[in-house]
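To start, the structure under review is shown below, and the notes come after it.
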Amino acid sequence: MRAVEAVDFSIGSLRLCDRPVPTVRDGEVLIRIEAASLNYRDLAILDQKFMPHLKLPYVPCSDCSGEVVSIGDGVTRFKEGDRVIPVYTQGWYSGKPTQQQRTTKTLGAPLSGVLQEYIVVPEQEAVMAAESLSPQECATLPIAALTAWNALEQGGIKSGDTVLVQGTGGVALYALQFAKMAGAKVILTSSSDVKIAQAKLLGADVGINYSKHENWGALAKEATGGRGVDIVIETTGYTLAESLSCVCFGGFVGVIGFVGGHEATISVKSLLGPFVRVQGIAVGSRLQFEAMVRAIDHVGIKPVIDSSFPLEKTAEAFEHLKSAKHVGKIVLEI
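Per my numbering, numbering of the sequence shown is gapless, rising by one per residue and ending at 373.
Below is the structure:
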């Protein structure tokens with residue numbers, strides 16, 4: 040089967056190769072992968088900013104969707120022909136993940152990734168695909184959509200809340216769509232007026248260009264009449280202090296990424312005085328994934344796909360991700 044391997048920690052090291060089709064064993068399903076999508080995590084691994092001691096070569100990427108083409112003995116959750124999506128954190132079915140699951144049981148590193156034509160997973164490590172979405176759209180769900188869903192759930196979102204999302208990447212746009220689904224007002228920050236205009240077409244109520252307004256937290260708070268936002272989806276990392284400056288009393292900051300850097304300097308007072316809760320968000324469980332898919336089918340949410348590349352142009356897809364010019368998800372056809 041065709042696959043993409045990284046033989047070094049760089050985009051330039053990605054190569055198309057041939058690998059044997061994996062053998063399905065008892066309790067497992069063989070999935071023919073139809074599409075995959077890129078996440079910042081995939082780029083961070085290639086740039087050696089995350090999991091720097093990963094053994095080479097490795098197959099990148101964690102998010103995909105496909106069709107079950109063979110099942111092992113004892114499989115009851117799926118049958119041949121089912122459209123499915125593998126779960127990113129293997130073994131995390133509900134509640135909180137274990138440290139072992141978070142560090143050793145994730146697709147795309149340290150487990151083998153999905154940039155290949157076939158993958159085998161235990162039947163417990165996949166969910167049924169959304170009936171209303173294409174394989175390409177389903178491939179965008181495992182990390183970006185589920186992270187946004189979990190962050191809003193942890194923040195206790197309710198109708199009438201105000202949610203601030205940062206940027207126009209996959210997590211941000213899913214958070215925007217899920218927040219609007221819940222009846223919330225959404226403030227979105229971006230460095231591009233064009234991207235802000237695109238986000239408003241998806242339902243963003245307020246857009247703030249942080250390249251023009253360094254202290255964007257004050258503008259966000261002003262947009263709430265001075266009360267502050269209920270939930271912040273913190274994707275950049277280093278802007279945590281600014282996020283804390285705009286959150287309301289008793290508000291929630293879900294830290295889901297570090298696209299801008301790993302370091303942030305904050306005042307302890309910004310936590311104690313406003314009674315703010317800050318929590319790291321580690322994607323989500325299989326139970327949450329299944330609930331999210333049902334909601335997507337019921338409400339009719341459509342993923343925002345920026346662009347699509349053939350498997351042979353994986354390096355170009357990663358370069359596009361690195362440029363940060365995309366709005367929404369970048370997909371690979373397999």
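We put the CB at the ideal spot given by N, CA and C, even for glycine. Every value quoted in this text rests on a predicted model; they were computed, and no experiment measured them.
Open item on the list: Quick check on the DSSP output: the alpha helix (DSSP H) that includes A257 runs from which residue to which?
Closed with: In the sequence shown, the residue the question calls residue 257 occupies position 218. Element bounds for A257: W255 to A262.
- [ ] Look at the alpha carbon of A74 and the alpha carbon of V298, and state the distance between them as a whole number of angstroms.
- [x] Position 35 of the sequence shown, counting from 1, holds the residue named residue 74. Position 259 of the sequence shown, counting from 1, holds the residue named residue 298. Near 24 angstroms, if we compare the C-alpha coordinates of V298 and A74.
Open item on the list: Let me confirm a value: L85 is counted as buried when at least 16 other C-beta atoms fall within 10 Å, else exposed. Which label applies?
Closed with: Reading the sequence shown from its first residue, position 46 is the one you call residue 85. A residue is called buried once 16 or more other Cβ atoms fall within 10 Å of its Cβ, and L85 is buried on that count.
TODO: Indicate the three-state DSSP secondary structure (helix, strand or coil) for W333 in the structure shown.
DONE: Within the sequence shown, the letter at position 294 stands for residue 333. Reading the sequence as shown, one finds Arg at residue 333 and not Trp. In this structure, R333 counts as helix in the three-state DSSP scheme.
Task: Terminal residues of the alpha helix (DSSP H) in which F357 lies - done: Numbered from its first residue, the sequence shown carries residue 357 at position 318. Residues T353 to S362.
Task: Alpha-carbon spacing of G147 relative to L215, whole angstroms - done: Within the sequence shown, the letter at position 108 stands for residue 147. Within the sequence shown, the letter at position 176 stands for residue 215. For G147 and L215, the distance between alpha carbons rounds to 26 angstroms.
Open item on the list: Checking 7 angstroms against the spacing of the C-beta atoms, do D121 and V107 come in under that value?
Closed with: Walking along the sequence shown from the start, residue 121 turns up at place 82. Walking along the sequence shown from the start, residue 107 turns up at place 68. In this structure, D121 places its C-beta atom within 7 angstroms of the C-beta atom of V107.
TODO: For the alpha helix (DSSP H) holding F217, just list the boundary residues, first then last.
DONE: Indexing the sequence shown from 1 puts residue 217 at position 178. Secondary structure note for F217: its alpha helix (DSSP H) is the uninterrupted segment G209 to M220.
- [ ] Taking all protein chains shown into account, decide if F217 is buried (16 or more other Cβ within 10 angstroms of its Cβ) or exposed.
- [x] The sequence position of residue 217 within the sequence shown is 178, counting from 1. Burial call: buried.
Task: 4-residue-minimum alpha helix (DSSP H) runs that sit fully inside the region 119-179, ordered along the chain - done: Segments of the alpha helix (DSSP H) lying fully in the region 119-179: 138-143 and 174-177.
- [ ] Measure the alpha-carbon distance for Q327 versus K135 and round it to whole angstroms.
- [x] Translated into positions along the sequence shown, residue 327 becomes position 288. Translated into positions along the sequence shown, residue 135 becomes position 96. Across the structure, Q327 and K135 are spaced so that their CA atoms are roughly 11 angstroms apart.
- [ ] Go ahead and label S198 buried or exposed: buried means 16 or more other beta carbons lie within 10 angstroms of its beta carbon, across all protein chains shown.
- [x] Translated into positions along the sequence shown, residue 198 becomes position 159. With fewer than 16 Cβ atoms within 10 Å of its Cβ, S198 is classed as exposed.
Task: Nearest-angstrom beta carbon gap, W131 and M331 [assumed within contact, 8 angstroms] - done: Here residue 331 is taken as the residue at index 292 of the sequence shown, counted from 1. Here residue 131 is taken as the residue at index 92 of the sequence shown, counted from 1. 14 angstroms between Cβ atoms; not a contact.
Task: Best match in G267, H359, C56 and E192 for proximity to F314 [C-alpha to C-alpha] - done: By one-based count along the sequence shown, residue 314 stands at place 275. Comparing Cα-Cα distances from F314 to each of G267, H359, C56 and E192, the minimum goes to G267.
TODO: Would you decide whether L311 is buried or exposed? Buried here means 16 or more other CB atoms lie within 10 Å of its CB.
DONE: Indexing the sequence shown from 1 puts residue 311 at position 272. L311 should be labelled exposed.
Open item on the list: Assuming K239 is part of the alpha helix (DSSP H), what are its boundary residues?
Closed with: The residue labelled residue 239 in the question sits at position 200 within the sequence shown. K239 -> alpha helix (DSSP H) spans D232 to L240.
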